[in-house]
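full-length UniProt numbering puts the first residue of the sequence shown at 1, with every later residue one more than the last.
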Amino acid sequence: MPGVAIGTSRPCLGDAELLGQERGPIERPAGATGAPYDLVLVDRDGTLNVRRDGYVTDPDDLVLLPGAGAAVAAANRAGCCVVLVTNQRGLATGALRADQLRAVHRRLIAELGRYDAHLDGIQVCPHAAGTCRCRKPRGGLVREALRRASWAAWSRTVLLGDMPSDAAAAREAGTGSVLVDAAETPWRTVRRRLFEGRAPLV
Ligand SMILES: [Mg+2]
Ligand SMILES: [Zn+2]
């Protein structure tokens, strides 16, 4: 079929991006015209992957939640820019090493890839609680994603998460949020809450 495939080009994320330390611009996905949102920010633990006690330090411990890959793929296909926003306080306490986080994010990207889903960027708060303005429920990760994706409108940005702290972060930054409903999969939540009446989902 002729034409440009929307939202399907996979950016290759470098080491700094995998660690959430990249500060350069995030490009608008090709063919994003008509996307229901400019930017879909996605929490990690409990939203994309199964939350576990302690930190995910081993890639083998990263297990996608049912429907998470499909949800991200749907956002990609709809032309939305998808950026991970995750608190990883373990980096400050020593419970999580940078090389472990990089390996876990490599695995996350590989797992999403099995569903034709990809991330356009990664934002990480590596700080201890109460020491920064980016750790959710603060809004810094959201604000930084919006700064990097300077073409994105705040009013066309939404954060998909599983905790009240996700909603609070979005609220502080002035964007909307959708919490994954515990009774359904991320995919169903995304379909029902994010896209319903906004764009056809393939
Ligand atoms: Mg979470
Ligand atoms: Zn922080």
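Even for Gly, the Cβ is constructed at its ideal location relative to N, Cα and C.
Beta bridge counterpart(s) of residue i as assigned by DSSP
| i | result |
| --- | --- |
| Asp45 | Asn49 |
| Leu64 | Asn49 |
| Gly161 | Leu179 |
| Asn87 | Cys125 |
| Cys81 | Leu39 |
Inter-residue Cα distance where the pair is residue i and residue j
| i | j | result |
| --- | --- | --- |
| Pro66 | Thr185 | 6 Å |
| Arg107 | Gln100 | 11 Å |
| Thr33 | Leu41 | 18 Å |
| Leu112 | Gly69 | 5 Å |
| Ser177 | Ile109 | 23 Å |
| Ala95 | Ser165 | 21 Å |
| Pro126 | Cys132 | 9 Å |
| Val190 | Leu91 | 30 Å |
| Thr93 | Val124 | 15 Å |
| Arg10 | Ala183 | 31 Å |
| Ala30 | Thr57 | 34 Å |
| Arg171 | Glu22 | 24 Å |
| Arg192 | Ala78 | 14 Å |
| Cys12 | Gly24 | 14 Å |
| Arg188 | Leu179 | 12 Å |
Within 8 Å, strictly: CB atoms of residue i and residue j
| i | j | result |
| --- | --- | --- |
| Leu141 | Val104 | no |
| Ala117 | Val72 | yes |
| Asn49 | Leu64 | yes |
| Asn87 | Arg135 | yes |
| Thr157 | Tyr37 | yes |
| Arg138 | Ala169 | yes |
| Arg89 | Ala129 | yes |
| Thr47 | Leu119 | no |
| Gly121 | Ala145 | yes |
| Cys81 | Arg28 | yes |
Reduced DSSP secondary structure (H/G/I, E/B, other) of residue i
| i | result |
| --- | --- |
| Thr189 | helix |
| Ile122 | strand |
| Ser177 | strand |
| Ala199 | Model confidence at Ala199 stands at a pLDDT of 44, short of 50, so the residue's coordinates are unreliable and nothing is read from them. |
| Leu39 | strand |
| Leu108 | helix |
| Val72 | helix |
| Pro29 | coil |
| Gly140 | helix |
| Arg148 | helix |
| Leu194 | helix |
| Gln100 | helix |
| Asp58 | coil |
Supposed contact pair residue j and residue i - C-beta distance, whole angstroms, cut 8 Å
| i | j | result |
| --- | --- | --- |
| Arg114 | Leu19 | Going by Cβ atoms, the distance from Arg114 to Leu19 rounds to 23 Å, so no, they are not a contact pair. |
| Asp181 | Asp43 | Contact doesn't hold; Cβ gap of about 14 Å is too wide. |
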